[in-house]
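Engineer: The sequence shown begins at 0 in numbering that gives the first Met the number 0 and counts up one residue at a time. Don't be surprised by glycine CBs; every beta carbon is placed ideally from N, CA and C.
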Amino acid sequence: MHRIPNVLASLRIALAPVVVALALGDAPASLTAGLFAIAAATDFFDGYLARRWEVTTVLGAFLDSTADKLLVTGSLLALIALDRVSVWAALVIVMREFIVMALRGLTAVEGTVVPPSILGKVKAASQFVAIFLAFLRLGEPIGGLFVDEWAMWLAVVITVVSGWGYLRAFFSHLQRASSRA
0 MHRIPNVLAS
10 LRIALAPVVV
20 ALALGDAPAS
30 LTAGLFAIAA
40 ATDFFDGYLA
50 RRWEVTTVLG
60 AFLDSTADKL
70 LVTGSLLALI
80 ALDRVSVWAA
90 LVIVMREFIV
100 MALRGLTAVE
110 GTVVPPSILG
120 KVKAASQFVA
130 IFLAFLRLGE
140 PIGGLFVDEW
150 AMWLAVVITV
160 VSGWGYLRAF
170 FSHLQRASSR
180 A
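#1: Can you tell me whether Leu137 is buried or exposed? The criterion is at least 16 other CB atoms within 10 Å of its CB, across all chains shown.
#2: Between the beta-carbon of Asp42 and the beta-carbon of Arg2, is there less than 8 Å?
#3: How would you label Met151, buried or exposed, when you count the other beta carbons within 10 angstroms and need 16 or more for buried?
#4: I'd like the list of long-range same chain contacts for Leu132, defined as Cβ closer than 7 Å, with 5 residues on each side in sequence excluded.
#5: Identify whether Leu90 lies in helix, strand or coil by the three-state DSSP scheme.
#6: Between Ile117, Pro114, Thr72, which lies nearest to Phe97 when the distance is taken from Cα to Cα?
#7: Just verifying my parser: in three-state terms, what is the DSSP assignment at Leu144?
#8: Quick check on the burial criterion: 16 or more other C-beta atoms within 10 angstroms. Buried or exposed for Ser161?
#9: Per DSSP, what kind of secondary structure is Arg136 in: helix, strand or coil?
#10: Could you please give the first and the last residue of the uninterrupted alpha helix (DSSP H) stretch that includes Pro4?
#11: Rounded to the nearest angstrom, what separates Pro114 and Lys120 at their Cα positions?
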């Protein structure tokens with residue numbers, strides 16, 4: 000039972016290429032969006048269960064982070080191919096993920112963990128909602144953009160703000176480390 004969080008993260012990793020294949024194939028948009036929603040939901044449940052059962056592990060954190068990056072990056076690439084997401088929006092989202100990952104790695108080398116922030120969780124939720132809506136592409140444009148495009152730009156703003164928070168935490172860590180040296 001205590002392995003369930005890691006199984007859920009592993010399931011998200013396994014579902015990422017399936018979502019991409021469905022998106023780029025002839026699958027109905029509702030099937031692609033539905034499978035994406037299931038994969039995205041595992042992000043909530045794996046973390047919730049790991050904390051509730053007090054079974055958080057380094058492996059679990061690695062699987063969770065890897066799963067998120069594969070699902071979001073793969074989905075964004077598929078949506079770019081379908082002309083449903085701006086390359087710039089996708090680039091900002093993906094770049095932020097890898098910059099934060101690198102910063103976390105640098106602080107981890109020194110034995111410091113930069114914990115996930117609540118804004119990071121809001122960022123993930125906003126990205127999941129925007130990607131889900133982009134797979135569906137419902138309705139007519141409003142103010143020149145589809146609802147999913149508005150949601151994606153909101154996700155980009157939240158992503159940038161969240162990334163800025165991590166940058167500030169990283170530089171604060173550097174200042175503390177240099178003052179101790």
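Structural biologist: A quick look at the data gives this:
#1: exposed
#2: no
#3: buried
#4: Val146, Asp147, Ala150
#5: helix
#6: Thr72
#7: strand
#8: buried
#9: coil
#10: 3-23
#11: 11 Å
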